[in-house]
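Same order as they appear, the protein sequences are chains A and B. Just so you know, we're using UniProt numbering here: the first sequence kicks off at 1 and counts up by one. Just so you know, we're using UniProt numbering here: the second sequence kicks off at 1 and counts up by one. Cβ atoms here follow ideal geometry from the backbone N, Cα and C, with glycine treated the same way. Reviewing the structure listed below.
Number of protein chains: 2
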Amino acid sequence: MKTILDIVKERDNFPYHDCNRPSDYTQYTDNLWHFYLPDDPRPHGYIPHFVIETMPWTSEFYLDLSSNPKRLQLLADTPTAANAAIARVLQTAREKNLFKCLKGWRNEGYRILGARSDIKIERAGAGLFGIITVGAHMTVFTRSRTTRQIQIWVPTRSMSTTTSPGMLDSSVAGGVPMGVEPFECLVKEAREEASLPEELTRRCAKAVGCVTEFSVKGDAQLEPSVKYVYDMEVDENIELRPGDSEVEGFRLMTVEEVIKRVLEGMYKPMSAMVIIDFFVRHGILTIQNERDYVEIVARTHRFLPFPTSSE
Amino acid sequence: MKTILDIVKERDNFPYHDCNRPSDYTQYTDNLWHFYLPDDPRPHGYIPHFVIETMPWTSEFYLDLSSNPKRLQLLADTPTAANAAIARVLQTAREKNLFKCLKGWRNEGYRILGARSDIKIERAGAGLFGIITVGAHMTVFTRSRTTRQIQIWVPTRSMSTTTSPGMLDSSVAGGVPMGVEPFECLVKEAREEASLPEELTRRCAKAVGCVTEFSVKGDAQLEPSVKYVYDMEVDENIELRPGDSEVEGFRLMTVEEVIKRVLEGMYKPMSAMVIIDFFVRHGILTIQNERDYVEIVARTHRFLPFPTSSE
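Okay, here's the thing in structure tokens:
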């Protein structure tokens with residue numbers, strides 16, 4: 001039987017710098033290239049050597065093998081040129097079928113979170129550049145009128161979605177596209193995915209923090225991620241219903257059932273992190289019942305090695 | 001004018017491993033010794049070279065200069081012997097007046113959080129061994145019946161306390177001594193420091209997570225810390241009153257006033273971290289109004305390089 005910490009570690013699996021075994025960490029990170037934007041001395045992503053070798057780089061990308069760590073420098077005079085260069089290289093890689101993840105092409109860009117101008121990367125390719133992905137997640141819950149016990153609205157993802165088909169998810173969740181405020185993204189997703197009236201979300205959704213982790217997916221994709229997290233307590237008469245094809249259906253689950261599903265690996269890994277944070281904030285997981293409490297809290301709020309603001 | 005992130009960074013000031021400038025980090029950490037307990041391969045603290053040179057080590061401590069990183073190994077066959085060895089060396093250092101921090105001797109031990117047996121270190125000397133200190137903090141707040149605005153009960157620490165005299169603090173706060181459950185410690189502190197009835201705390205205090213950071217104090221003390229955090233919403237008719245000599249008095253403050261005091265540096269630094277986490281969890285600081293939101297959340301929940309459970 002897995003523990004909550006096992007589930008957290010499966011998702012937050014980029015190694016931590018451990019002074020005990022610095023060589024293990026170094027051995028892994030030494031093979032990563034650091035991705036730099038024009039006129040910005042801060043790296044915005046790590047890229048595995050395999051991706052560097054495989055990607056059809058153009059002359060807008062300078063591969064500096066002599067630096068330590070090795071650098072991939074995007075050369076472009078304007079944000080427009082930078083965006084065109086990134087789009088071109090990913091489009092070519094997609095046409096040549098070089099990376100499996102590009103089959104999930106969405107025509108939707110992630111803005112590089114800490115960049116000083118609006119540079120975007122197609123969502124399906126974000127992991128190849130190792131940039132921080134940004135999402136908005138909300139847990140919608142109700143309390144029994146008699147027992148005051150929390151029950152959570154849990155969607156099952158449609159079997160036809162490209163990512164995590166059939167898995168359980170946050171009540172409302174979505175990537176935040178470039179140019180959209182996280183809260184506005186949430187309001188829209190709540191309406192589209194869960195049929196929640198815009199007015200209700202605006203009035204009742206509460207910002208409660210963010211969940212951050214650093215995930216390694218296979219040998220090509222690195223995914224540091226930030227999820228802005230919201231809670232919304234609703235009356236028992238409110239019902240969440242699928243509003244688009246991404247969700248198969250919703251069920252109201254007890255806390256015990258949700259924990260069981262998390263431990264069984266039924267949750268989309270990123271969303272498991274969000275519900276675990278919910279359980280901590282609502283006193284369901286505590287230092288009295290969860291041995292790994294402190295590590296769980298730290299790993300669901302990981303300090304990421306890339307800038308998260310433009311300063 | 002300082003920012004919230006400035007305040008957080010003043011407290012969470014142990015360097016992060018930055019792949020950009022690994023040498024800065026290494027230069028600092030290379031001078032730290034790692035503290036090992038008997039029969040346990042995991043380090044439980046970092047110790048600056050200055051402390052290693054100054055402390056009157058006995059034969060129960062083996063200083064291994066040849067290892068990398070350098071190790072201070074406690075040699076003792078039993079927990080009792082380990083405790084006696086630590087107590088002896090600290091007591092001698094205190095008598096010889098070798099470290100200023102030992103003037104605050106409390107005759108109260110911190111249990112080493114992740115140790116596999118009950119090993120304790122006198123509170124005033126915890127920073128010299130760089131072990132994780134453990135506390136329980138509660139924010140007691142009320143909501144105006146008319147506006148629903150949050151107001152927070154804020155104590156001013158007595159001018160006669162040894163640490164942070166005259167500063168503002170969490171509504172209830174205390175170090176967790178060895179052998180006491182964090183929640184039981186909180187109930188006791190709430191009664192003693194804030195005159196809160198035990199029954200009220202047991203019924204209304206809610207566990208909401210923990211705040212962790214790594215603080216460097218001068219050239220001798222390292223203080224990684226874990227604070228178990230609780231919220232308690234009370235009616236407007238409940239009043240907090242000093243119950244012992246540690247608190248000068250309590251005032252109910254608006255959120256705006258608390259933020260102003262935090263930015264002015266009037267808060268005990270450790271407790272500023274707790275109230276900042278409160279502001280995040282209650283949607284007072286959000287991604288819409290706080291540019292450094294993601295970094296603030298990560299730094300108030302830092303992953304510590306020492307074990308936090310016995311496994």
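- In this structure, S158 (chain B) and P165 (chain B) form a Cβ contact; the two beta carbons are roughly 7 Å apart against a cut-off of 8 Å.
- Within chain B, not a single residue places a beta-carbon under 9 Å from that of L186 (chain A); the smallest gap is close to 11 Å.
- Around the beta-carbon of G249 (chain A), fewer than 16 other beta-carbon atoms lie within 10 Å, marking it exposed.
- Taking a contact to require three or more Cβ pairs closer than 8 Å, the stretch 111–121 of chain A and the stretch 204–212 of chain A do not qualify as touching.
- One thing to note: H17 (chain B) has its Cβ no nearer than 8 Å to the Cβ of H301 (chain A).
- Taking 8 Å as the threshold, the shortest C-beta distance from D24 (chain B) to chain A does not fall below it.
- In the displayed model, G249 (chain B) falls within a strand according to three-state DSSP.
- Below the 9 Å Cβ cutoff, chain A contributes P305 as neighbours of D18 (chain B), in chain order.
- Contact check between the stretch 46–54 of chain B and the stretch 30–37 of chain B: three or more CB pairs, one atom from each, fall below 8 Å, which counts as touching.
- Here I4 (chain B) is not near D277 (chain B), since their CB atoms are 8 Å or more apart.
- Leaving aside the five residues that flank R261 (chain A) on each side, the residues in its chain whose CB is nearer than 8 Å to its CB run, in chain order, V154, L168, M253, Y267.
- Boundaries of the beta strand (DSSP E) around F141 (chain B): 133–143.
- Exposure of R145 (chain A) is indicated by the presence of fewer than 16 other C-beta atoms within 10 angstroms of its C-beta.
- When Cβ-Cβ separations below 8 Å define contact, H137 (chain A) makes no contact with chain B.
- Taking C-beta atoms as the reference points, S160 (chain A) and S245 (chain A) count as a pair closer than 8 Å.
- Within the stretch 113–197 of chain B, the runs of beta strand (DSSP E) at least 3 residues long that lie entirely inside it are, in chain order, 120–122, 133–143, 150–157, 172–175.
- Nearest neighbour of V8 (chain A) by Cα position, chosen from A:E213, A:N237, A:L240, A:V51, turns out to be A:E213.
- F278 (chain A) has a beta carbon lying at 8 Å or more from every beta carbon in chain B.
- For S225 (chain A), the closest alpha carbon among the candidates A:D77, A:R111, A:M1, A:K100 is that of A:R111.
- Per DSSP, the unbroken alpha helix (DSSP H) holding T80 (chain B) starts and ends at 79–95.
- For T201 (chain A), the number of other beta carbons within 10 angstroms of its own is at least 16, and it is reported as buried.
- Proximity of Q73 (chain A) to chain B, defined by a Cβ-Cβ separation below 8 Å, is not satisfied.
- Rounded to the nearest whole angstrom, the C-alpha separation of V234 (chain A) and A205 (chain B) is 23 Å.
- If you ignore the 5 residues before and after E108 (chain A), its C-beta comes within less than 8 Å of the C-beta of E122, R123, G175, P177, all in its own chain and listed in chain order.
- Taking a contact to require three or more Cβ pairs closer than 8 Å, the stretch 84–103 of chain A and the stretch 123–143 of chain A qualify as touching.
- Bridge partners of G283 (chain B) according to DSSP: none are assigned.
- Within chain B, the residues S309 have their CB atoms less than 7 Å from the CB of D292 (chain A), given in chain order.
- In the three-state reduction of the DSSP assignment, K260 (chain B) falls in the helix class.
- Judged by beta-carbon spacing, P197 (chain B) lies beyond the 8 Å limit of Y228 (chain B), meaning their Cβ atoms are not closer than that value.
- Its chain contains V140, W153, S171, A194, S195, L196, F250 as the residues whose beta carbon lies nearer than 7 Å to that of L240 (chain A), once the 5 sequence neighbours on both sides are disregarded; these appear in chain order.
- Going by beta carbons, F50 (chain A) and A190 (chain A) fall outside the 8 Å limit.
- L304 (chain B) and I132 (chain B) do touch by the CB rule: their CB atoms are close to 6 Å apart, below 8 Å.
- Residues of the same chain with a CB within less than 8 Å of the CB of V247 (chain A), apart from the 5 flanking positions on each side, are P155, T156, R157, S158, D169, E193, A194 in chain order.
- Against chain A, the CB of P182 (chain B) has a partner CB under 8 Å away; the residue lies at that interface.
- The alpha-carbon separation between V89 (chain A) and G130 (chain A) amounts to approximately 15 Å.
- Across the structure, I52 (chain B) and E199 (chain B) are spaced so that their CA atoms are roughly 47 Å apart.
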